[in-house]
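If you read the sequence shown in numbering that gives the first Met the number 0, its first letter stands for residue 0, the second for the next number, and so on. All C-beta atoms, glycine included, are put in the ideal place defined by N, C-alpha and C.
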Amino acid sequence: MSTPIIEFKNVKKRFGDTTIFSDFNFTVEENEIVSIIGPSGSGKSTLLRILMTLEGIDGGYINVAGESLWHMHWQGQYVPANSKHLHKMRNHLGMVFQHFNLFPHMSVKRNITEAPMRVKGVSREDAEKSAEKLLNLVGLADKANSYPNDLSGGQKQRVGIARALAMKPSILLLDEITSALDPELVDEVLDVIRNLVKEDSFTMLLVTHEMYFAREISDRVCFFDKGAIVEEGKPEEIFISPKHDRTKAFLNAYL
Ligand code: ADP
Ligand code: MG
Numbered sequence: 000m001s002t003p004i005i006e007f008k009n010v011k012k013r014f015g016d017t018t019i020f021s022d023f024n025f026t027v028e029e030n031e032i033v034s035i036i037g038p039s040g041s042g043k044s045t046l047l048r049i050l051m052t053l054e055g056i057d058g059g060y061i062n063v064a065g066e067s068l069w070h071m072h073w074q075g076q077y078v079p080a081n082s083k084h085l086h087k088m089r090n091h092l093g094m095v096f097q098h099f100n101l102f103p104h105m106s107v108k109r110n111i112t113e114a115p116m117r118v119k120g121v122s123r124e125d126a127e128k129s130a131e132k133l134l135n136l137v138g139l140a141d142k143a144n145s146y147p148n149d150l151s152g153g154q155k156q157r158v159g160i161a162r163a164l165a166m167k168p169s170i171l172l173l174d175e176i177t178s179a180l181d182p183e184l185v186d187e188v189l190d191v192i193r194n195l196v197k198e199d200s201f202t203m204l205l206v207t208h209e210m211y212f213a214r215e216i217s218d219r220v221c222f223f224d225k226g227a228i229v230e231e232g233k234p235e236e237i238f239i240s241p242k243h244d245r246t247k248a249f250l251n252a253y254l
């Protein structure tokens, strides 16, 4: 097997006295689509936020695309990453959040062009061209000049996906992107992801409660509980013949 594009080695993470990860090991291969399922409060969002460098770690190593995420190589040694290194590493990843996290005071178009222009130095003209294409892709070409508050939840989340893609990430992180939506809006968002992976190869790490979607889209499904992967395997292994009692109990609650 090739070098994994994401690698957690003995990662430790605490919030105050609460340990979230005591020794977390996990890898994702390039172009692999991995779903993480599991109870709330178990550390799933923290896992994605650490990858996105929105949260730090208290020990261990994480490599993304062959480079250390939180440390950089300097004069033969690994030292804590500086902001330039973190910026560079962040460019590998795009994240879509449960609660959209759109900028409410910016138009839809501006939400999408802001990061490429500000972080990557892309020209306004190029950023807007790319935003138009992305809005077409998510079926919102007519909403470029609307503001987030004028959109439905499903539309907001489709903007969230377009915004993440605008940075051309090699890895896409999706954190329960349909959990805040009314049921009738879930599929319009999932369809965008379905189409994305049909058109292109992606490395994708998604946390989801939509079990049918995890089953349909994933190469591998991981059942995660209390800061550890309890069980992982092909979708049919996890959903049809889970081995661990905790996985069975969790999945039973969805039947
Ligand atoms: P999940 O996404 O699986 O529901 P989270 O990763 O959001 O779980 O949270 C794991 C645990 O860490 C929870 O107990 C949560 O309350 C706690 N936690 C998450 N973020 C913070 C934070 N910034 N400060 C303190 N505790 C946090
Ligand atoms: Mg979460």
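Next on the checklist: Suppose the cutoff is 7 Å on Cβ atoms and the five residues either side in sequence are ignored; what does the same chain contact list for SER151 look like?
Outcome noted: Taking the first residue of the sequence shown as position 1, residue 151 is located at position 152. So the list reads LEU184, once near-sequence residues are dropped.
Checklist entry - Would ILE56 be called buried (16 or more neighbouring beta carbons within 10 Å of its own) or exposed? => result As a first step, residue 56 is located in the sequence shown; it is residue number 57 there, counting from the start. Label assigned to ILE56: buried.
Checklist entry - Can you find at least 3 beta carbon pairs, one from the segment 94-109 and one from the segment 137-151, that sit closer than 8 Å? => result The segment 94-109 and the segment 137-151 touch, with no fewer than 3 CB-CB distances between them shorter than 8 Å.
Item to check | Nonlocal neighbours in the same chain, by C-beta distance under 6 Å from GLN97, ignoring five residues either side | outcome: On the sequence shown, position 98 is the one that residue 97 refers to. Cβ neighbours of GLN97 beyond the five flanking positions: ASP174, GLU175, SER178, ALA179.
Checklist entry - Would you say SER44 touches ligand 1, meaning its beta carbon is less than 7 Å from a heavy atom? => result Within the sequence shown, residue 44 is the residue found at index 45, counting from 1. Yes, Cβ of SER44 sits closer than 7 Å to a heavy atom of ligand 1.
Item to check | Residue range of the beta strand (DSSP E) that includes HIS70 | outcome: Counting from 1 along the sequence shown, the entry for residue 70 is found at position 71. 70-73 is the span of the beta strand (DSSP E), which, as asked, contains HIS70.
Item to check | Close beta carbons around LYS155, own chain, < 8 Å, minus the five adjacent residues each side | outcome: Mapped onto the sequence shown, residue 155 falls at position 156. Answer for LYS155: PHE99, LEU101, PRO147, listed in chain order.
Item to check | Presumed contact (8 Å Cβ cut-off) between PRO3 and LEU92, rounded CB distance | outcome: Locating residue 3 in the sequence shown gives position 4, where the first residue counts as 1. Locating residue 92 in the sequence shown gives position 93, where the first residue counts as 1. Incorrect: roughly 14 Å between the Cβ atoms, too far for contact.
Item to check | Sequence ranges, alpha helix (DSSP H) only - wholly within the segment 196-235, length at least 4 | outcome: 210-216
Next on the checklist: Could you check whether the Cβ of ASP174 sits closer than 7 Å to any heavy atom belonging to ligand 2?
Outcome noted: Translated into positions along the sequence shown, residue 174 becomes position 175. Because some heavy atom of ligand 2 lies under 7 Å away, the Cβ of ASP174 counts as near it: yes.
Next on the checklist: For the structure I just gave you, are there three or more beta carbon pairs, one from the segment 187-194 and one from the segment 8-20, closer than 8 Å?
Outcome noted: no
Item to check | Own chain partners of ILE61 with C-beta closer than 8 Å, once the 5 adjacent residues on each side are dropped | outcome: For the purposes of this step, residue 61 is taken as the residue at position 62 of the sequence shown. Correct list, in chain order: ILE5, GLU6, PHE7, LYS8, VAL10, ILE49, LEU50, SER67, LEU68, TRP69.
Item to check | Three-way DSSP call (helix, strand, coil) for LYS155 in this model | outcome: Sequence index remark: in the sequence shown, residue 155 carries index 156 (1-based). In this structure, LYS155 counts as helix in the three-state DSSP scheme.
Next on the checklist: Taking 7 Å as the cut-off, is the C-beta of GLY152 nearer than that to any heavy atom in ligand 1?
Outcome noted: Here the question's residue 152 lines up with position 153 in the sequence shown. No - ligand 1 has no heavy atom lying nearer than 7 Å to the Cβ of GLY152.
Item to check | Near ligand 2: VAL95 beta-carbon under 7 Å from a heavy atom | outcome: For this step, residue 95 is matched to residue 96 along the sequence shown. Checking every heavy atom of ligand 2 against the Cβ of VAL95, none is found closer than 7 Å.
Checklist entry - Any chance the segment 212-231 sits against the segment 33-52, with 3 or more Cβ pairs inside 8 Å? => result yes
Item to check | Residue burial classification, HIS84 (beta-carbon count within 10 angstroms, cutoff 16) | outcome: Position 85 of the sequence shown, counted from the start, is the residue given in the question as residue 84. Answer is buried; the Cβ neighbour count reaches 16.
Checklist entry - Among the residues of its own chain, which have a CB less than 6 Å from the CB of ILE237, if the five just before and after it don't count? => result By one-based count along the sequence shown, residue 237 stands at place 238. Cβ neighbours of ILE237 beyond the five flanking positions: VAL220.
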